[in-house]
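One structure is given here, and the rest of the page talks about it.
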Amino acid sequence: MTLLIWSVACLVVGVLLWLLGDLIWHGIGQLSWAFLTTAPQKAGRAGGIAPILVSTALIVGVCLATAIPLGVGTAVLLVEFSPQRGLFGRLVRLSLDVLAGVPSIVFGLFGNAFFSKTLGLGFSILAGGLTLACMVLPILIRSTQEGLRAVPDDYRRSAAALGLSRTAALWVLLLPAAMPGLAVGILLGLGRAIAETAALIFTSGYVDRMPDSLLDSGRALSVHIFDLAMNISGGEANAYASALLLAIGLMVINAIISGLAHWFRGSRIQVI
Amino acid sequence: MQQYPASLTVPHLSTVQTQNLTLHYGNKTAFKEITLTLEPGKITALIGPSGCGKTSFLNCLNRLVELTPNATVSGRILLEDQDIRAINVIKLRRRVGMLFQKPNPFPLSIQKNLEFPLRHHGIKSQDRINHIIEDSFQQVGLWEEVKDRLKMPALSLSGGQQQRLCLARALALEPEILLMDEPCSALDPISSEIIEDLLLHLRGRYTLLVVTHNLAQAKRIADHTALFWVQEGAGALVEAGTTTQLFETPQHSLTRAYITGRKG
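The listed protein sequences correspond, in order, to chains G and X.
Quick note: the first sequence uses my numbering, first residue 432, plus one each step.
Quick note: the second sequence uses my numbering, first residue 6, plus one each step.
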């Protein structure tokens with residue numbers, strides 16, 4: 432039995448190492464400062480990925496700028512201002528769990544139909560970012576909810592007993608106390624947004640030049656990898672380099688998440 | 006007994022009266038038809054076995070019970086002849102302060118614990134705030150211990166210090182009434198003696214209502230004592246009177262049984 436567990440563990444770690452090793456082996460040669468700062472040439476076979484990095488940052492930026500206020504607002508409303516066991520709260524929770532499990536391609540089709548066509552945003556960074564926002568909202572709402580629930584009820588009662596309004600208690604006590612949960616949610620959402628491909632192909636498009644504005648089409652890193660690997664013969668080397676970059680980014684995000692989680696468990700005492 | 010400086014402000018002494026106060030949580034009756042008067046400037050102790058509605062009764066007096074879903078209150082509570090439902094709840098809770106069983110400072114600095122509520126209640130001048138903070142900490146005998154570490158987290162204080170900080174935080178808002186829910190039960194004997202001393206020191210300047218499980222404590226500090234008991238599944242007021250009267254010549258057989266330790 433022990434042997435079985437160990438071999439399964441080794442298998443999992445082995446697959447990860449193999450994957451990373453393969454990426455590094457093929458990709459590290461291409462990675463250079465020039466690769467990060469120049470535009471792609473010959474449909475990405477040569478040159479760098481500067482415009483793609485900019486587009487990715489803009490898409491993720493739009494996504495977080497929309498999702499964070501909406502997500503935190505919704506979570507606050509659900510936890511602090513609506514009855515805990517009410518039908519409304521239960522329905523919203525159920526829909527969030529369903530939404531969190533919806534495949535990203537479905538979000539892509541929805542984004543294409545709603546943001547690109549109905550709202551007339553076309554293939555644009557804005558449409559892509561908003562579609563991603565819809566996708567990460569459930570994660571963000573759920574983790575903010577968990578963060579707020581973890582705040583002891585004592586704070587709410589003692590704040591109320593001192594004649595503090597719920598809004599004041601929320602800003603000064605509850606949100607700061609829920610911050611670690613919130614941060615983890617944001618990073619999880621960020622990780623999902625950065626790595627997303629399917630939802631973006633239909634919404635932010637393929638164009639690999641530097642975007643002029645948020646209404647311009649822009650190619651995200653993961654779309655770039657997909658395109659180089661599947662549609663462009665001779666694009667493998669740059670696809671590997673881009674994938675390596677993406678993998679590094681994701682590992683950094685995960686490291687921050689586990690660091691935050693560790694810090695949160697370690698320090699119950701916070702000063703503001 | 007330690008000497009505490011007198012407060013610079015002279016609080017207004019108020020009376021609280023409940024008339025046929027009944028509280029339900031859904032279908033369950035927490036207590037029913039309680040008519041009780043808290044004398045101005047006196048300490049009233051609320052005693053009785055667990056689950057007889059003492060804490061719930063306390064929570065009605067500052068309308069904190071409204072935070073509990075499906076709690077319904079009937080009857081009347083008068084603060085200085087005014088029905089508390091007619092008073093803005095924020096203003097009411099400023100006039101009726103509360104100290105909880107477990108010390109519950111905010112996860113802020115020692116200074117911010119007092120400053121935040123003061124600012125929220127519209128006191129803007131930093132000088133005035135600093136003055137009130139110092140005065141409040143003096144009141145609870147904590148000033149010397151915290152004056153050099155006001156920026157430290159309040160949660161780094163010991164349990165007894167935390168409870169005194171919470172008391173200072175309540176006093177900073179210049180309440181007329183102070184409700185205390187077993188303020189010593191989570192503390193060590195020395196800290197609880199300090200709190201007890203403080204209560205005696207506050208007598209005459211605030212109207213105090215103290216829930217306690219400790220009969221000896223009620224006897225030591227309270228001017229008036231009220232005994233709650235569970236009758237027909239709900240809390241009820243069995244007997245109320247001056248502490249001497251209640252402990253020496255109890256009128257009710259339950260009171261006699263409880264104070265002699267035969268029941269409860």
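Using N, Cα and C, we set each Cβ at its ideal position, and we do this for glycine too.
Would you say residue i faces chain G, with C-beta separation under 8 Å as the test?
i             : result
residue 225/X : no
residue 95/X  : yes
residue 109/X : yes
residue 185/X : no
residue 154/X : no
residue 121/X : yes
residue 112/X : yes
residue 174/X : yes
residue 252/X : no
residue 28/X  : no
residue 207/X : no
residue 170/X : no
residue 178/X : yes
residue 142/X : no
residue 62/X  : no
residue 125/X : yes
residue 21/X  : no
Tell me, to the nearest whole angstrom, how far the beta carbon of residue i is from that of residue j; I am working on the premise that it is less than 8 Å.
i             : j             : result
residue 137/X : residue 177/X : 5 Å
residue 513/G : residue 519/G : 6 Å
residue 585/G : residue 67/X  : Contact flag wrong, Cβ pair sits at about 16 Å.
residue 434/G : residue 617/G : Not quite, the Cβ-Cβ distance comes to about 41 Å (not below 8 Å), so this is no contact.
residue 79/X  : residue 27/X  : 5 Å
residue 238/X : residue 34/X  : 7 Å
What's the C-alpha gap between residue i and residue j?
i             : j             : result
residue 540/G : residue 630/G : 7 Å
residue 186/X : residue 30/X  : 19 Å
residue 247/X : residue 205/X : 16 Å
residue 646/G : residue 560/G : 11 Å
residue 196/X : residue 524/G : 45 Å
residue 628/G : residue 653/G : 5 Å
residue 117/X : residue 167/X : 14 Å
residue 578/G : residue 18/X  : 42 Å
residue 182/X : residue 224/X : 21 Å
residue 62/X  : residue 36/X  : 8 Å
residue 491/G : residue 445/G : 31 Å
residue 123/X : residue 572/G : 33 Å
residue 483/G : residue 152/X : 56 Å
residue 501/G : residue 458/G : 38 Å
residue 101/X : residue 184/X : 7 Å
residue 589/G : residue 538/G : 43 Å
residue 644/G : residue 664/G : 30 Å
residue 574/G : residue 615/G : 7 Å
residue 450/G : residue 158/X : 47 Å
residue 98/X  : residue 567/G : 41 Å
residue 71/X  : residue 576/G : 23 Å
residue 473/G : residue 545/G : 33 Å
From which residue to which residue does the alpha helix (DSSP H) around residue i run?
i             : result
residue 586/G : 584-592
residue 206/X : 194-207
residue 79/X  : Careful: residue 79/X lies outside any alpha helix (DSSP H), inside the beta strand (DSSP E) at 76-84.
residue 485/G : 481-511
residue 186/X : Not the alpha helix (DSSP H): residue 186/X falls in the beta strand (DSSP E), residues 182-186.
Using a Cβ-Cβ cut-off of 8 Å, state whether residue i counts as contacting chain X.
i             : result
residue 595/G : yes
residue 586/G : yes
residue 529/G : no
residue 510/G : no
residue 702/G : Because the pLDDT at residue 702/G is just 41, under 50, the model does not fix this residue reliably, and the value given afterwards should be weighed accordingly. By this cut-off, residue 702/G is an interface position.
residue 604/G : yes
residue 438/G : no
residue 609/G : no
Identify the continuous beta strand (DSSP E) that holds residue i and give its terminal residues.
i             : result
residue 637/G : Where residue 637/G is concerned, there is no enclosing beta strand (DSSP E), given that its DSSP letter is neither H nor E.
residue 50/X  : 48-52
residue 264/X : Not the beta strand (DSSP E): residue 264/X falls in the alpha helix (DSSP H), residues 258-264.
residue 41/X  : 33-43
residue 103/X : 101-104
residue 241/X : 239-247
residue 27/X  : 21-30
Determine the burial state of residue i: buried for a count of at least 16 other Cβ atoms within 10 Å of its Cβ, exposed for fewer.
i             : result
residue 6/X   : In this predicted model, residue 6/X has a pLDDT of only 49, less than 50, meaning its place in the structure is not dependable enough to derive any value.
residue 704/G : Examination of residue 704/G is not possible in this model, given that chain G is present from 432 through 703 alone.
residue 682/G : exposed
residue 661/G : exposed
residue 689/G : exposed
residue 266/X : exposed
residue 154/X : exposed
residue 47/X  : buried
Should residue i be counted as a contact of the ligand ADP given a C-beta to heavy atom distance under 7 Å?
i             : result
residue 260/X : Of ligands this structure carries none, so the ligand ADP is not represented either.
Subject >> Selection of the segment 66-83 of chain X by Cβ proximity to chain C, strictly under 8 Å >> reply: The chain labelled as chain C is not found among the protein chains of the depicted structure, namely G and X.
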